[in-house]
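2 protein chains.
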Amino acid sequence: MHKQLLNDISGFIDLSKEEQDSFFSLLQPRKLRRKQYLVQAGDACRYECYVLKGCLRQYYVDESGSEHTVMIAIENWWTSDMYGLITGNASLTNIEAMEDSEVLLIEKNDFEKLLSLVPKFEKFFRIKLQRAFVAHQKRIIENISMPAEQRYINFTQQYPSIEQRVPLKYIASYLGITPESLSRIRKQLAGK
Amino acid sequence: MHKQLLNDISGFIDLSKEEQDSFFSLLQPRKLRRKQYLVQAGDACRYECYVLKGCLRQYYVDESGSEHTVMIAIENWWTSDMYGLITGNASLTNIEAMEDSEVLLIEKNDFEKLLSLVPKFEKFFRIKLQRAFVAHQKRIIENISMPAEQRYINFTQQYPSIEQRVPLKYIASYLGITPESLSRIRKQLAGK
DNA sequence: CGTCTATTTGAATGTACTCAAAAGCGGTGG
DNA sequence: CCACCGCTTTTGAGTACATTCAAATAGACG
């Protein structure tokens, strides 16, 4: 069961049968419909979430009401409103399914229990977070140093075939540009 | 000794006297002159670095030779080229002292040793990385959703009095704008 | 004091934005 | 199965913001 997730984990730490079982016992499978929220800004973020199937987006809504895509999580990604999760405060972002999806949830308390009961998971998430750190720095560098066209090209390489799954307007908002600008950039690139 | 660092750590984990000592034994104090490199892009990143005093900047140099400031690390911050550190590959960024500085270094191998010998440090760095995760997401949101003027205002609030310490051109490159644009933004704001 | 670097200012250019409207696409119900 | 509706994407025109390049001014350091 949950072979996907186990594969992911065993790339970094070795779990005994018992550790696996106690981990799995904390996981709550859930199906999400397209457009269904996993987290809404303002609510507490109660879960860490692993995507088995489908596609979620995390987005921030600014004062003027515009949405800004923080993260696109596909199969085998972890997602949550990290701010809400670690502070216990209201979440800053929304997380919504863009396709009918299947996820595994770990409740905040269970997550903390897991970390203290099976310290190997401290290592696992530390490593995951280090990689996220590098990925975030990369995205920041791109944002501050590259024009939108180049950021779009990089995006399509990082998420191959995602354009067939996700409305372009969300990609635009991930890149920090308007849908109109993305449309023009794509037209531009098509003519090459 | 190293009270600063101990304070920081004890906010998150409790260390026994022995654990403290074994931790401190791994730390290498180093003084850096202004403009001295701690890491150069292309070299291996051998250290995790804690800033006791002074101010460092981490920056990326693109193909056209422009510098882009990824991070500004002042007192009590940790810094390193995380990519180089976790992969063992050549560093992607430079880290340079902007003031004469004092830092504590942990060699890559010692760092890994520490994590396996004293698992509490897994927790400590996991928590640090979670906070960095949130901070990075915040910066990404700002980059994709706010005009340069607002990003600059936020920056001055996040790093109060840093403008007295750091040349403006590095702040501009942190914000992803040219020094000329920052100059105009500041002029603009001054007239309010 | 002089030199080197950082910052400011100006003018022209370019990139991305807004607002408005048209075209395309997908799903639903008759 | 087609027609319609709502949402996404494209296109156009005008505007705003930030850039480039060049030059002047100001500051810091030896």
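Just so you know, the protein sequences line up as chains A and B, in that order.
Quick note, our numbering runs 13 ahead of the 1-based positions in the first sequence.
Quick note, our numbering runs 13 ahead of the 1-based positions in the second sequence.
Positions of the beta carbon are idealized from the N, C-alpha and C atoms, including for glycine.
Give the residues of chain B in contact with residue i, contact being defined as C-beta atoms less than 8 Å apart.
i                      : result
residue 81 of chain A  : 154, 157, 158
residue 189 of chain A : 156, 157, 158
What first and last residue would you give for the alpha helix (DSSP H) that runs through residue i?
i                      : result
residue 170 of chain B : 161 to 171
residue 157 of chain B : 133 to 158
residue 32 of chain B  : 30 to 37
residue 17 of chain B  : 16 to 23
residue 108 of chain B : Not the alpha helix (DSSP H): residue 108 of chain B falls in the beta strand (DSSP E), residues 107 to 110.
residue 97 of chain B  : 95 to 100
residue 184 of chain A : 181 to 188
Output, in chain order, the set of chain A residues within a Cβ distance shorter than 8 Å of residue i.
i                     : result
residue 95 of chain B : 143, 146, 147, 150
Excluding sequence positions up to five away, which residues of its chain have a Cβ less than 8 Å from the Cβ of residue i?
i                      : result
residue 55 of chain B  : 103, 104
residue 131 of chain B : 28, 32, 35, 36
residue 155 of chain B : 163, 164, 167
residue 123 of chain A : 39
residue 91 of chain A  : 61, 62, 63, 64, 141
Would you say the beta carbon of residue i is closer than 8 Å to some non-hydrogen atom of the ligand COA?
i                     : result
residue 92 of chain A : The ligand COA is not among the ligands present in this structure, which contains no ligands whatsoever.
Starting from residue i, follow the beta strand (DSSP E) in both directions and report where the run begins and ends.
i                      : result
residue 84 of chain A  : 80 to 86
residue 119 of chain B : 114 to 120
residue 193 of chain A : Segment 192 to 203 is the alpha helix (DSSP H) holding residue 193 of chain A; no beta strand (DSSP E) there.
residue 11 of chain B  : The structure shown does not extend to residue 11 of chain B, since chain B is modelled only from 14 to 205, so the question has no answer here.
Given residue i, which residues of its chain have a CB within under 7 Å of its CB, disregarding the five upstream and five downstream residues?
i                      : result
residue 137 of chain A : 22, 25, 26
residue 112 of chain B : 47, 67, 68, 178
residue 98 of chain B  : 58, 61, 121
residue 83 of chain A  : 71, 72, 73, 106
Going along chain A in order, which residues have a C-beta closer than 9 Å to the C-beta of residue i?
i                      : result
residue 166 of chain B : Those within 9 Å of residue 166 of chain B in chain A number zero; the least Cβ separation is about 14 Å.
Can you check DSSP and say which residues form a bridge with residue i?
i                     : result
residue 66 of chain A : A:115
residue 91 of chain A : A:63
residue 57 of chain B : B:103
residue 40 of chain B : B:119
residue 71 of chain A : A:84, A:108
For residue i, which residues in the same chain have their Cβ closer than 6 Å to its Cβ, ignoring the five residues on either side in sequence?
i                      : result
residue 44 of chain B  : 115
residue 149 of chain A : none
residue 94 of chain B  : 52, 58, 104, 106
residue 192 of chain A : 182, 185
(message) Please list, in chain order, the residues of the stretch 127 to 139 of chain B that have any C-beta partner in chain A closer than 8 Å.
(response) Within the stretch 127 to 139 of chain B, the qualifying residues are 128, 132, 135, 136, 138, 139.
(request) Give, in chain order, every residue of the stretch 62 to 74 of chain A whose Cβ lies closer than 7 Å to some Cβ of chain B. (result) 73
(message) Against chain A, which members of the stretch 95 to 119 of chain B pass a CB distance test of less than 7 Å?
(response) 95, 96, 99
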